[in-house]
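Below: one structure, written as structure tokens.
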Amino acid sequence: MNKKADLLKHYLIQNAVPILFIAVSAFAIPISQFSGTYLVQEMLVRLSRNSFLVLSLLIPIMAGMGLNFGMVLGAMAGQIGLIFMSDWSVVGVPGVILAAIISTPLAIALGWLCGTILNLAKGREMVTSFILGFFMNGVYQLVVLYGFGSVVPMTNPAMVLSRGFGIRNVTNLEGIRKCLDNLMPLNILGIDIPLATFLIIGLFCLFVLWFRGTKLGQDMRAVGQDMKVAGDAGIPVERTRLIAIIISTVLACYGQIIFLQNIGTMNTYNSHEQAGMFAIASLLVGGASVSRASIFNVFLGVVLFHLMFVVSPMAGKYLIGEAQLGEYFRVFVSYGIISLALVLHAWRRQKDRERARRSLRGAAGE
Amino acid sequence: MGGIRKFIENAGWPRIIIGLFLFSLFIIAPFVRVRIDASVSDTLVRFGMNGVMVLAMVPMIVSGCGLNFGLPLGIIAGLLGAVTSIEIGIPGIPGVLIAMAISLPIAVVLGWGYGLLLNRVKGSEMMIATYVGFSSVAFMCIMWLVLPYKSSNMVWGYAGKGLRTTIAVEGFWHQAISDIGSFSIGQFFYVPTGMFLFFALLCGFMWVFMRTRTGTAMTTVGSNPEYARASGVNIDRMRTLSVILSTVLGAIGIIVYQQSFGFVQLYMGPFYMAFPAVSAILIGGASVHRASILNVIIGTFLFQGILTMTPSVINSMIQTDMSEVIRIIVSNGMILYALTRTVKVKP
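In order, the protein sequence lines correspond to chains A and B.
The numbering used here puts the first residue of the first sequence at 426, with every later residue one more than the last.
The numbering used here puts the first residue of the second sequence at 2, with every later residue one more than the last.
What follows is the structure in structure tokens.
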């Protein structure tokens, strides 16, 4: 009877978040008085900087493990690689590659740890990986703040705190700053395009597409659909989930290295925390849900989220005369969007479950 | 021997390890010239400060809503009450009571909405609660700037509007509850009797409530929803009620905390406040589905004891402040343990 209305409602709920964001941006861009060129340039920079981190979230979603808040573990691994790299004063692209080589085994180990723990907490992966992020943050601080320079030898005294051990709050990455972005410089109409970074991101997108078709990728989707059925069909469920998390962690580690080579400095004790939250918020803004995400969602999300990120402080300033307000608004939106997406997903799941139960009851009644 | 094994089984390894750790800290303390009486007194004060917020975990755990990571919502209600009370400017016990009276209806309304929300997302309450807490704190950051408070004790001096990040309650109701019947032994040992009495009162209420008809129904909803449904209990209503109760206790809890601490912390202050409370009750032996008043008392004591003792003792031992790192690892490790354990028990 009202199937059409239902379908429209379904579509709107499905895409509520991006629609909301486009509406807010359409309202805020004129107010902020930024020029088009500036915004395009800024979006390109942010796409090259953040896409890889966001892409690393795709594979656990495929395996039905929800948003991998444990990606901060990968970011930590990447940062440890960068610390060693700048300690040994390796610069340029070799530096980036060296950092990646150092951090890969670390990321694999952390991913294995994360996957094992998440296998113990099936059905509540997200909250567990979230807390695991906090927990490992403590371990990271223990290692970097107390272990580096005392247990782990450091050659460059400029990086170490004056007390003799522990890395300084800010690690200078001037040696590798934008080395990847400027590897293949391209300038169109006064807009710089970091071609090399985009090539890496493109390659990775191809990898995801290819991976979906492989046996392992198919297994992951089966596990994501229904763990029990997949297990009965002979798929090693726990192992598949473990691999999904390891891949995600390693990619997040590379993502963080790409991110930080663009920024050029590293907040030794904060960079990784922000990485997780912004990546997840971006993905959700792009219209992904906890159980379904595509490459398109990633790019749309990064653009929309960062558009708001750039625009809202200025919009707040011109609208109410207080930049601080826009700043808080930004924080509120990033958390609000994650809440909204989580609620919508859980609500939909519960409704589906109820509908399934009702249909069962109906069949029994007939 | 069997008795010991049974005790270990009942208490659980993490709790024993943490208990032993705390015990050893107290033993070491005199040798590294940390005053034991001052440490014990600090532990007691912190115990009283945080107890009510830990108690706020109980209703939601019992009704099956999981760990209340959304505690900041209750805290916000309490902050609104506190700030309004300071604006009114009545000092002493009446000031605290006014703060509580104002925050109570706000907490009920917020808790009611929060409860309705959680009823729609059964199964993923904890993740959503976390983000409800985060986003409400972020939302209130905007509100603290905009709300029309005028008292010169609270707003930024030069702008004349927008609340400050920390507001001193000195001169209003600093230690108003703590000082009821409080006493000091010597220079360093202070017992906030009033705060303990207040905490005991709330614990008593909770204990009685859990044994009323409604309380039993709530426990049933948490432990066996199907059975509860069969016996005619309205599951959603019980869950909403438990969330309201949790939120109200959170609001009262933060007021008790502030009157002892001496400052109201606004903006990002309440952001992570749920985590210490959650890990405290877990250290006390609660699980994601089961909690008692005893868990609250033991857990708060152990957790706050470690928080008080590690900075002073470890500092004097190795001349480095590792307390922050230890706090992060212990509290989150505890939550992690609880999250992974319950699933393992019932495969």
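Cβ atoms here follow ideal geometry from the backbone N, Cα and C, with glycine treated the same way.
Item	Value
Closest Cα partner of S542(A) within the set A524(A), E779(A) and S554(A)	First, the residue type needs correcting, since residue 542(A) is Ile and not Ser in the sequence shown. Ranking A524(A), E779(A) and S554(A) by Cα distance to I542(A) puts S554(A) first.
Nearest residue (CA-CA) to I294(B), options R212(B), N333(B) and D322(B)	R212(B)
Short CB-CB distance (under 8 Å) between G790(A) and chain B	Low per-residue confidence applies at G790(A): pLDDT is 42, beneath 50, and the placement is therefore not dependable enough to give any value.
Contact with chain B by Q775(A), beta-carbon distance below 8 Å	yes
Three-pair Cβ contact test at 8 Å for the stretch 674-685 of chain A versus the stretch 440-452 of chain A	no
Rounded C-alpha distance that separates A789(A) from A781(A)	Any reading at A789(A) needs caution, since the residue's pLDDT is 49, under 50, leaving its predicted position unreliable; the model's value is listed next. Approximately 13 Å, taken between the alpha carbons.
Outcome for L433(A) when other beta-carbon atoms lying within 10 angstroms are tallied against a minimum of 16	exposed
Proximity winner among N296(B), Q305(B), A39(B) and I62(B), relative to G286(B) (alpha-carbon distances)	N296(B)
Cβ of R637(A) within 8 Å of any chain B Cβ	no
Y463(A), enclosing alpha helix (DSSP H) - first and last residue	G461 to L480
Nearest neighbour of A525(A), chosen from W772(A), S737(A) and A677(A) [CA to CA]	A677(A)
CB-CB length for V1(B) against M155(B), believed under 8 Å	With chain B represented from 2 up to 348, any question about residue 1(B) goes unanswered, as that position is not in the structure.
Proximity test, Cβ basis, 8 Å: L545(A) and chain B	yes
Alpha-carbon to alpha-carbon, I28(B) and I181(B)	31 Å
Under 8 Å between C-beta atoms of R773(A) and Q686(A)	no
C-beta neighbour in chain B for T553(A), strict 8 Å	yes
Coil, strand or helix - R214(B) by DSSP	helix
Neighbour flag for Y753(A) against chain B, beta carbons, 8 Å	yes
Cross-chain neighbours of Y760(A) in chain D, by beta carbon under 7 Å	The question asks about chain D, but that chain is absent: this structure's protein chains are A and B.
8 Å Cβ cutoff, M426(A) in contact with chain B	Any reading at M426(A) must be qualified, since the residue scores a pLDDT of 49, below 50, and its modelled position is unreliable; the value itself is stated next. It does not; no Cβ of chain B falls within 8 Å.
Three-state class that DSSP yields for I665(A) in the structure shown	Checking the sequence shown, residue 665(A) turns out to be Thr, not Ile. Residue state, collapsed to three classes: helix.
Inter-residue Cα distance where the pair is A130(B) and Q260(B)	27 Å
Residue of P312(B), G334(B), F197(B) and T341(B) minimising C-alpha distance to V35(B)	P312(B)
Spatial distance of S224(B) from E779(A) (CA atoms)	21 Å
Limits of the beta strand (DSSP E) - the one that I618(A) falls within	I616 to P619
Completely contained alpha helix (DSSP H) runs for the stretch 91-133 of chain B, where each covers 4 or more residues	93-121
For A332(B), the three-state DSSP class (helix, strand or coil)	Strictly speaking, residue 332(B) in this sequence is Ser, with Ala absent from that position. Helix.
Residue range of the unbroken alpha helix (DSSP H) whose run includes A229(B)	P226 to A231
Interface partners of V326(B) on chain A, CB under 9 Å	G563, V564, Q566, L567, L570 and Y571
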